[in-house]
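Notes to accompany the following structure.
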Ligand SMILES: N[C@@H](CCC(=O)N[C@@H](CS)C(=O)NCC(=O)O)C(=O)O
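Residue numbers (our numbering): 3 to 216.
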């Protein structure tokens, strides 16, 4: 062990992105192990058989293998921007809608070929209900955040999925009426922190030299 928590991660995974941002915000330095989802390392599967990223292995051996738990653990260690210090019920409800219904609609919109019951536009329309919800939340907070006048846990947990949604048909998204959501997304994407957590790492093998994050 390098004396730092080990983070198994996949650069483009929205769950891993939310975990990495929380770890970066909490100033927690990790040993980063970039994985390929089609060829997961045995070391990761040995500590979390369900085989999803992110997985965080702490120095004491504790394993945290759900992205929201990684975020909470990180912010409980240190939360300099007070991301946890906002309305908890509203935060939980929004994240639940995101991780449940919205994520399902997003997958159908993105991989519509696999769901031939309906058209791609149909799935997008279903997903748009959540965008409208976000738009209303942002309007209440002058565009600054979903549950407060600043970014907090909900924003960081949700934006990677909206980013993914936006890239399915970027022109459509840029021309859509979700103006607050578009601004909110580009504000986060342009932040130095986001750039930092999207840094590229070579795929990890146990013979690599140790790579650190952030
Ligand atoms: N509930 C998990 C979901 C994580 C998840 O599904 N991650 C995807 C990558 S985006 C994954 O690892 N999938 C496994 C695979 O594709 O084999 C969490 O929040 O951490």
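Just so it is clear, CB atoms sit at the ideal spot from N, CA and C, and this is done for glycine as well.
Helix, strand or coil at residue i according to DSSP, with G and I counted as helix
| i | result |
| --- | --- |
| residue 12 | coil |
| residue 2 | Since the displayed the chain opens at 3 and closes at 216, residue 2 lies outside it and no answer follows. |
| residue 205 | strand |
| residue 65 | strand |
| residue 81 | coil |
| residue 179 | coil |
Backbone CA spacing between residue i and residue j [nearest angstrom]
| i | j | result |
| --- | --- | --- |
| residue 146 | residue 154 | 10 Å |
| residue 152 | residue 209 | 42 Å |
| residue 136 | residue 183 | 7 Å |
| residue 6 | residue 192 | 28 Å |
| residue 215 | residue 101 | 25 Å |
| residue 35 | residue 21 | 14 Å |
| residue 170 | residue 73 | 26 Å |
| residue 112 | residue 122 | 8 Å |
Cβ-based neighbour list, residue i, same chain, cut-off 7 Å, excluding 5 preceding and 5 following
| i | result |
| --- | --- |
| residue 156 | 93, 96, 97, 148 and 149 |
| residue 168 | 175 and 187 |
Own chain residues within Cβ distance below 8 Å of residue i, not counting five before or after
| i | result |
| --- | --- |
| residue 105 | 163 |
| residue 47 | 53 |
| residue 37 | 10, 11, 12, 43, 46, 55, 205 and 206 |
| residue 196 | 23 and 190 |
Residues that DSSP places opposite residue i in a beta bridge
| i | result |
| --- | --- |
| residue 215 | 32 |
| residue 170 | Looking at the DSSP assignment, residue 170 forms no beta bridge with any residue, so it has no partner. |
| residue 41 | 38 |
Which residue spans inside the stretch 86-146 form an unbroken alpha helix (DSSP H) run of at least 4?
-> The DSSP assignment places complete alpha helix (DSSP H) segments of no fewer than 4 residues inside the stretch 86-146 at 90-99, 105-112 and 122-142, in order along the chain.
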